[in-house]
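> Below: one structure in structure tokens.
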Amino acid sequence: MKKLILTTAAAALVAGMAFAASHGNVVRMGTEGAYPPYNFINDAGEVDGFERELGDELCKRADLTCEWVTNEWDSIIPNLVSGNYDTIIAGMSITAERDEVIDFTQNYTQPDPSAYMAMSMDVDLKGGVIAAQTNTIQAGFISANGMTLVEYATPEETVAAVKSGEADAVLADRSFLAPIADGDADLMLLEKQELIGGGVGMGIRESDGELKEKFNAAIQSMKDDGTLNALIAKWEVGEQF
Amino acid sequence: MFEYCVDPSVLEGLRWASCYLTTGKHFLFYWSFLTVLTLLAVTAPAALAFGFGGAMLARGPLPLSWLGKTYIMAVRGVPDIAFFLFFVIALDQGIEYLRHVVVCPGWEDPIRQGNDFIVCSDAKTPNNSAPQLYHDVYGFFLAVFTYAIVFGAFAANVLFGAMQAVPRAQIETAEAFGMSPRQAFWRITVPQMWVFALPGLSNLWMVLIKATPLLFLLGIEDIVYWARELGGTKQAKFTDYPHGDWRLWYFLFLLVFYLAFTKLSEAILNRVMARLTHGQGTLGGAV
Numbered sequence: 044m045k046k047l048i049l050t051t052a053a054a055a056l057v058a059g060m061a062f063a064a065s066h067g068n069v070v071r072m073g074t075e076g077a078y079p080p081y082n083f084i085n086d087a088g089e090v091d092g093f094e095r096e097l098g099d100e101l102c103k104r105a106d107l108t109c110e111w112v113t114n115e116w117d118s119i120i121p122n123l124v125s126g127n128y129d130t131i132i133a134g135m136s137i138t139a140e141r142d143e144v145i146d147f148t149q150n151y152t153q154p155d156p157s158a159y160m161a162m163s164m165d166v167d168l169k170g171g172v173i174a175a176q177t178n179t180i181q182a183g184f185i186s187a188n189g190m191t192l193v194e195y196a197t198p199e200e201t202v203a204a205v206k207s208g209e210a211d212a213v214l215a216d217r218s219f220l221a222p223i224a225d226g227d228a229d230l231m232l233l234e235k236q237e238l239i240g241g242g243v244g245m246g247i248r249e250s251d252g253e254l255k256e257k258f259n260a261a262i263q264s265m266k267d268d269g270t271l272n273a274l275i276a277k278w279e280v281g282e283q284f
Numbered sequence: 128m129f130e131y132c133v134d135p136s137v138l139e140g141l142r143w144a145s146c147y148l149t150t151g152k153h154f155l156f157y158w159s160f161l162t163v164l165t166l167l168a169v170t171a172p173a174a175l176a177f178g179f180g181g182a183m184l185a186r187g188p189l190p191l192s193w194l195g196k197t198y199i200m201a202v203r204g205v206p207d208i209a210f211f212l213f214f215v216i217a218l219d220q221g222i223e224y225l226r227h228v229v230v231c232p233g234w235e236d237p238i239r240q241g242n243d244f245i246v247c248s249d250a251k252t253p254n255n256s257a258p259q260l261y262h263d264v265y266g267f268f269l270a271v272f273t274y275a276i277v278f279g280a281f282a283a284n285v286l287f288g289a290m291q292a293v294p295r296a297q298i299e300t301a302e303a304f305g306m307s308p309r310q311a312f313w314r315i316t317v318p319q320m321w322v323f324a325l326p327g328l329s330n331l332w333m334v335l336i337k338a339t340p341l342l343f344l345l346g347i348e349d350i351v352y353w354a355r356e357l358g359g360t361k362q363a364k365f366t367d368y369p370h371g372d373w374r375l376w377y378f379l380f381l382l383v384f385y386l387a388f389t390k391l392s393e394a395i396l397n398r399v400m401a402r403l404t405h406g407q408g409t410l411g412g413a414v
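If you read the protein sequences in the order shown, they are chains A and B.
For our numbering, count along the first sequence from 1 and bump the result up by 43.
For our numbering, count along the second sequence from 1 and bump the result up by 127.
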């Protein structure tokens, strides 16, 4: 019996290696799948959204085979550096802090102003409680500016917190909040906006310079021929280039 | 799924629900129940095996007993969430490192470059180009192993206590009959200890059932992940089935599932208990 198990394990290992050798390399694209319009899971259970279309087009232009994976936002950077996937394409804003750990391609959206969404227009931002997703530029902004921050693991929960009254307002990318405010009569965007972050880019391991250059070139070519602008307009993710 | 589901926005009532509940996303939700049940079915015996091994080590001669006791103490002392976040990444990297050493002997770059962990592409487990299924199965086994280690430590403590609880007189009698320590252990201690271990083990089983949402930390999409994802507010722009915040209903469904599962487990555990106590010189056995 022991022998049988060992042989099977060895066979599986060898088969795995043979499999690896016969196939070209696949680039695994890590995303969150919970941040429309950037990325979300559609009715069919697949990753969809602005970044899905963008990513597929980038892979086509860079001549790469890409596979989509979802990962929780909290552990999205550790799993990239550990090699569980090769890129982060999850509406992640380029910040100096993140840039110390991973590299970013050039930005593929303009810096999207962050907006506050609340149940009434005259909410007291200074004295109230502001919700934001953990490890986002918005969460950093709130605590750096002396406001009261309450953090949630998913974007959905930050909105739910405002509706349930746990938080007075939520701070997030305007393009994420706008469709929600449109669809819900109780929620509205405040006029005050914050300009934080340097646009959204793809996160790539620092040691993976070659892949970064490939995606940089692909993004540039999409910027040059206007296809990126068309995508930005289609999914309404902020200003065009 | 059904033909009339082409444009759900004109449907109402049952027809709408029948379309809504049969979207691809919902089928992933239904599948995830199977994932969780399979995980429990595989993890429970694995954890029991770890527990049994740990308890035997802890009872063994000196250097071994240190090992067993350290395992029990260290794992029980580490918060689950830390264990599930860091141990899994470490385990994954450990496996890839070992394969790397075997598969790519000529590799000269360092494995650790700054924050990055780089092994040659052949040593990637599973390989990058492997179908997503392989990645899922691999993640599943990492999960089983991690759960088995964590719950094994608790089980080891329970079993250790249970083994100590078997009356000394029983062992002495066995020795008087000429049994070796090994025979006495397997024929006298082990059959009798289960009855002492079962209440503790059944607690562990209940906790294990409820610990499955930690799966999502390991990248496995479990029932709680899908309930949260499906129940979340959906705008018409991004789905054919827009709805408000329905998480409450999905979580109520999960509540019913977990309660039913707990009830079923209890019924089975009661039967096992009755069987184990049968004929024992204890209060339970006298009934």
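Backbone N, C-alpha and C fix where the C-beta goes; we use that ideal spot for every residue, glycine too.
Can you have a look at A:D91 and say buried or exposed, based on whether 16 or more other CB atoms are within 10 angstroms of its CB?
buried
> Show which residues of chain A have a CB atom less than 7 Å away from the CB atom of B:T165.
Those do not exist, as B:T165 stays about 19 Å from chain A at its closest Cβ, beyond 7 Å.
> In the stretch 194–224 of chain B, which residues sit with their C-beta less than 8 Å from some C-beta in chain A, listed in chain order?
For the stretch 194–224 of chain B, which is checked against every Cβ of chain A, the residues closer than 8 Å are L212, I216, D219, Q220, E223.
> Between the stretch 255–268 of chain B and chain A, which residues of the former have a C-beta closer than 8 Å to a C-beta of the latter?
If the cut-off is 8 Å between Cβ atoms, the stretch 255–268 of chain B has N255, S256, A257, Q259, H262 near chain A.
> Decide if the stretch 225–238 of chain A is in contact with the stretch 122–131 of chain A; the criterion is three or more beta carbon pairs, one per stretch, under 8 Å apart.
no
> Report the residues of the stretch 93–116 of chain A with a CB closer than 9 Å to any CB of chain B, ordered along the chain.
T108, E110, W111, V112, T113, N114, E115
> Please list, in chain order, all residues of the same chain as B:V351 whose beta carbon is under 6 Å from its beta carbon, the five residues on each side excluded.
P340
> DSSP puts A:S136 in a beta bridge; with which residues?
A:V243
> So what does DSSP say about A:S157, is it helix, strand or coil?
strand
> Going by the CB atoms, is the gap between A:Y151 and A:I262 shorter than 7 Å?
In this structure, A:I262 places its C-beta atom within 7 Å of the C-beta atom of A:Y151.
> Any C-beta of chain B sitting closer than 7 Å to the C-beta of A:H66?
Its pLDDT being 38, under 50, A:H66 is placed unreliably by the model, and the measurement read from it follows with that caveat. Output row for A:H66: interface = yes.
> For A:L271 and A:G281, I'd like the C-alpha separation in whole angstroms.
12 Å
> Do we get a CB-CB distance below 7 Å when we pair A:A276 with the residues of chain B?
Chain B, which has no Cβ nearer than 7 Å to the Cβ of A:A276, makes this no.
> Would you call the stretch 366–374 of chain B in contact with the stretch 391–405 of chain B, where contact means no fewer than 3 C-beta pairs closer than 8 Å?
no
> Relative to the C-alpha of B:V334, which residue among B:A275, B:W158, B:T162 is closest?
B:A275
> Taking B:R355 as the reference, give the member of B:R374, B:V285, B:S159 with the closest Cα.
B:R374
> Compare the Cα-Cα distances from A:S250 to each of A:Q153, A:S157, A:D142 and report the closest residue.
A:D142
> Determine the extent of the alpha helix (DSSP H) in which B:D416 is found, giving its start and end residues.
A query on residue 416 of chain B cannot be resolved here, the shown segment of chain B reaching from 128 to 414 and no further.
> Where B:P135 and B:K337 are concerned, what is the direct C-alpha to C-alpha distance, given to the nearest angstrom?
36 Å
> Is there a C-beta anywhere in chain B that falls below 7 Å from the one on A:G252?
no
> What residue does the alpha helix (DSSP H) around B:W332 start on, and which one ends it?
317–338
> Tell me whether the stretch 69–84 of chain A and the stretch 273–280 of chain A touch, counting them as touching only if at least three CB pairs, one residue from each stretch, are closer than 8 Å.
yes
> Give me, in chain order, the residues of the same chain whose beta-carbon lies closer than 7 Å to that of B:A97; leave out the 5 immediate sequence neighbours on both sides.
This structure leaves residue 97 of chain B out entirely; chain B is present only between 128 and 414.
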